[in-house]
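Reading the sequence shown from the start, the letters are residues 4 to 251 in my numbering.
For reference, the structure discussed in these notes is given below.
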Amino acid sequence: MLKAVFGYPMEAGGGPLRRWFARAAAAAAGRDASHIPWVPGGRLLEVGSGRGAVLAEYRQLGWEVVGVEPAARGVELARLTGLDVRLGKLGEQSFPIACFDAVVLNHVLEHVSDPRSLLAEVHRVLKPGGWILVRLPNAESWEARVYREDWWSWELPRHLIHFSPPTLHMVLAAAGFRIVRMRTELRPANLGLNARWAAHRRWGRRIDPRLFTAVLLPLGAAASWRGRGGDLAALAQRMPDCAKALDG
Numbered sequence: 004m005l006k007a008v009f010g011y012p013m014e015a016g017g018g019p020l021r022r023w024f025a026r027a028a029a030a031a032a033g034r035d036a037s038h039i040p041w042v043p044g045g046r047l048l049e050v051g052s053g054r055g056a057v058l059a060e061y062r063q064l065g066w067e068v069v070g071v072e073p074a075a076r077g078v079e080l081a082r083l084t085g086l087d088v089r090l091g092k093l094g095e096q097s098f099p100i101a102c103f104d105a106v107v108l109n110h111v112l113e114h115v116s117d118p119r120s121l122l123a124e125v126h127r128v129l130k131p132g133g134w135i136l137v138r139l140p141n142a143e144s145w146e147a148r149v150y151r152e153d154w155w156s157w158e159l160p161r162h163l164i165h166f167s168p169p170t171l172h173m174v175l176a177a178a179g180f181r182i183v184r185m186r187t188e189l190r191p192a193n194l195g196l197n198a199r200w201a202a203h204r205r206w207g208r209r210i211d212p213r214l215f216t217a218v219l220l221p222l223g224a225a226a227s228w229r230g231r232g233g234d235l236a237a238l239a240q241r242m243p244d245c246a247k248a249l250d251g
């Protein structure tokens, strides 16, 4: 399915990203926003690449990868695996215009105080027609509604701005991107963490998160399918500058 649906030159193998590609392609090929279509010889940039785990998987899938990471320790660990990861923020790197075919922002946009500036720089370094994949917490999720102020993913003060599907669509469109697919996703580990955190905050009790993960998993899966999953993923394409100007 990885090859047939997304155009990759190989089928999914041993890595977690490859397995996720294959499962998701089989389950939701028509509505999944988690996968960047294959670009032969393509260059992919991950902003906020951490230790490089996701970047390494994209490299195994055939991309030429580059990462940008503000934490020195993350850069050090990523480089130990042979990855090209630069220290600092995206705007500090002076990448040439239109030098990447795809950019990944995996739980990054909620951490920055000025998402529009970051997306403007992503737009600058992407080739026309290039892909951007954004994943972040969904402020309209059932988890946010149930746990309210105790929702794990508020994560103050590290998360500065929160997004819903309409607001993410709006900020991406304003930056010159055309939304191709958007969906919500389930992160099973967060189900138990949310329950444990809420129980501690509200009642001062410690609970086993594994039990709550098992109990809440069917509810979480149903909510995700109905657009209320805990994570939000959007795949968008860089519009030509002339199209952006006309839309503006």
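The beta carbon of each residue, even a glycine, is placed where N, CA and C say it ideally should be.
| Query | Result |
| --- | --- |
| Buried or exposed by the 16-neighbour rule on C-beta atoms within 10 Å, applied to P99 | exposed |
| CB of G53 within 9 angstroms of CB of A74, strictly | yes |
| Cβ pair count under 8 angstroms reaching 3, the region 78-85 against the region 128-143 | no |
| Check whether R89 and V78 have beta carbons under 9 angstroms apart | yes |
| Paired residues, beta bridge with F180 - DSSP | R241 |
| Beta-carbon gap between E188 and V106 smaller than 9 angstroms | no |
| Close beta carbons around A101, own chain, < 6 angstroms, minus the five adjacent residues each side | K130 |
| Alpha-carbon to alpha-carbon, P40 and A7 | At A7 the pLDDT is 48, less than 50, meaning the model places this residue with poor confidence; the figure from the coordinates comes in the next sentence. Taking the straight line joining both Cα atoms gives about 11 angstroms. |
| Candidates H110, W66, L58, P160, of which the one nearest N141 by Cα | H110 |
| Extent of the continuous alpha helix (DSSP H) to which R82 belongs | 75-83 |
| Under 9 angstroms between C-beta atoms of I182 and L238 | yes |
| Those residues which DSSP pairs with E113 across a bridge | Answer by DSSP bridge pairing: none, since E113 is not bridged. |
| Selected residue, minimal CA-CA separation from L108, among E95, A123, L139, V69 | L139 |
| C-alpha distance - L121 paired with H114, whole-angstrom precision | 11 angstroms |
| Host alpha helix (DSSP H) of R119 (start-end) | 118-128 |
| Residues near L93 by beta carbon distance below 6 angstroms, same chain, minus five either side | V50, V71, E124 |
| Cβ neighbours of V42 in the same chain (closer than 6 angstroms, five flanking residues each side left out) | D104 |
| Cβ-Cβ separation, E143 to P168 (assumed contact under 8 angstroms), whole Å | 7 angstroms |
| Cβ distance (whole Å) where F166 is taken to contact L235 below 8 angstroms | 6 angstroms |
| H172 versus A178 - alpha carbon distance | 10 angstroms |
| Endpoints, the beta strand (DSSP E) within which V88 is located | 88-90 |
| Status (buried if at least 16 other CB within 10 Å, exposed otherwise) for G45 | buried |
| Alpha-carbon to alpha-carbon, R186 and E60 | 22 angstroms |
| Where R241 falls, given that 16 or more other Cβ within 10 Å makes a residue buried | buried |
| Spatially closest choice to A176 from R76, L64, D244, W66, by CA coordinates | D244 |
| Rounded separation between R119 and D87 - CA only | 26 angstroms |
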